[in-house]
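Each remark here refers to the structure printed beneath this line.
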Amino acid sequence: MNMSEMGEVVAYLLRYRSAERVPGGGRKRRAAREGQLSERDVCALIDDASDLEREALRDFLAGQGLRLKTFEAGDFPGIPPGSRYYALLPDPELEQPPLYTRQPVFEALKLRQESRSELAQWYLQLWLLMNTLLYTRYNRALSDVSRYQEATFASHELLDLLRDQLETLRALGEAAPETSRVLLEERGEDLNRRVRAFIDLQIRAGLLEASGASGEDASPGDIWQQTLLGALECEQIGIHQLGHLQALAEGRLAEETA
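Numbering (the working numbering), first residue to last: 14 to 271.
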């Protein structure tokens, strides 16, 4: 793998966040696009790289605050025999460079002239509710990566949870957190549009994918399943970004029982 090929591999991984030697779940390999390698070629280049070339690739990604992790069949469900799964994840021990931006999130969720802080509130609320569907209702910890295939939800379930959450906030009246009151200014189809935009963001990031599951209340293509990449990233967030919340909660519990 020469420097030009390394650049093409990195460009592919930045676009799709993962690559599989033999895609699972019936997914077809991603074909080559103009100026971009096919999934087959990306996996072949990584597989055939020498130790020195792999080290150079790791160093290249580390300079961008990223780490390429490799999983074999048997490491997690859904990786077929003879396959190999490559996942590009932020390295929690490295600083993320400024070229990574939240701008796509703001652009996707924006309906009018909301501020960035207001849009961040919408994203956080939807992200927490999505994880309620993916984890809490399955009695699943963030570390339960191997259960990612059973973590599914329908669009209407996320929409219903959001409506319930807003009704709870509305019932609090003046006691509702000031930063959350912006969520109560929705109009007409706003909630439905924001849910659709949020799910689309997760799909584009490779964290959700359409599921083959079906149900009486679900339209075709309306059931979403967490991807292995999504489960790995949630585990990492739980360990490195949310771990301090557990320590805080434990500290408060200790004070209350003292």
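All C-beta atoms, glycine included, are put in the ideal place defined by N, C-alpha and C.
In this text the structure is predicted, and so the values were computed from the model without any measurement.
Asked, Found
"Going straight from the alpha carbon of Leu50 to that of Ala188, what length do you get?", "54 Å"
"Going by CA-CA distance only, name the one from Val158, Glu18 and Met19 that's closest to Ile252.", "Val158"
"Run the CB neighbour count on Tyr151, radius 10 Å, all protein chains shown included, and call it buried at 16 or more, exposed below.", "exposed"
"Might you give, ordered along the chain, the residues of its own chain that have their beta carbon closer than 8 Å to the beta carbon of Lys123, omitting 5 neighbours on each side?", "Leu132"
"Could you tell me whether the region 52-63 touches the region 18-33, using the rule of 3 or more Cβ pairs below 8 Å?", "yes"
"Give the DSSP-derived three-state secondary structure of Tyr148 in the structure shown.", "coil"
"Rank Ser130, Gln77 and Thr114 by C-alpha distance to the C-alpha of Pro105 and give the top, closest one.", "Gln77"
"Could you give the residue range of the beta strand (DSSP E) that holds Leu101?", "Arg97 to Pro103"
"Helix, strand or coil: how does DSSP classify Ser130 here?", "helix"
"Rounded to whole angstroms, what's the CA-CA distance from Glu52 to Asp177? Just pull it up for me.", "42 Å"
"Does DSSP put Arg40 in a helix, a strand or coil?", "coil"
"Between the region 59-73 and the region 38-50, do three or more beta carbon pairs fall short of 8 Å?", "no"
"Between Glu179 and Ala167, what straight-line distance do the alpha-carbon atoms span, to the nearest angstrom?", "The question names Glu, yet the displayed sequence has Leu at residue 179. So the two alpha carbons sit approximately 19 Å from each other."
"Would Gln126 be called buried (16 or more neighbouring beta carbons within 10 Å of its own) or exposed?", "exposed"
"Rounded to a whole number of angstroms, what is the C-alpha to C-alpha distance between Ile236 and Ala86?", "26 Å"
"Write down the C-beta distance between Asn175 and Leu204 rounded to the nearest angstrom, noting that I regard them as a contact closer than 8 Å.", "Here residue 175 is Leu; the residue named in the question, Asn, does not match the sequence. Yes, Leu175 and Leu204 are in contact; Cβ-Cβ is about 6 Å, under 8 Å."
"Short of 6 Å in beta carbon distance, which residues of its chain neighbour Leu5, apart from the five on each side in sequence? Order them along the chain.", "Any property of residue 5 remains undetermined from this structure, which presents the chain solely from 14 to 271."
"Does the distance from the CB of Gly95 to the CB of Gly37 come in under 8 Å?", "no"
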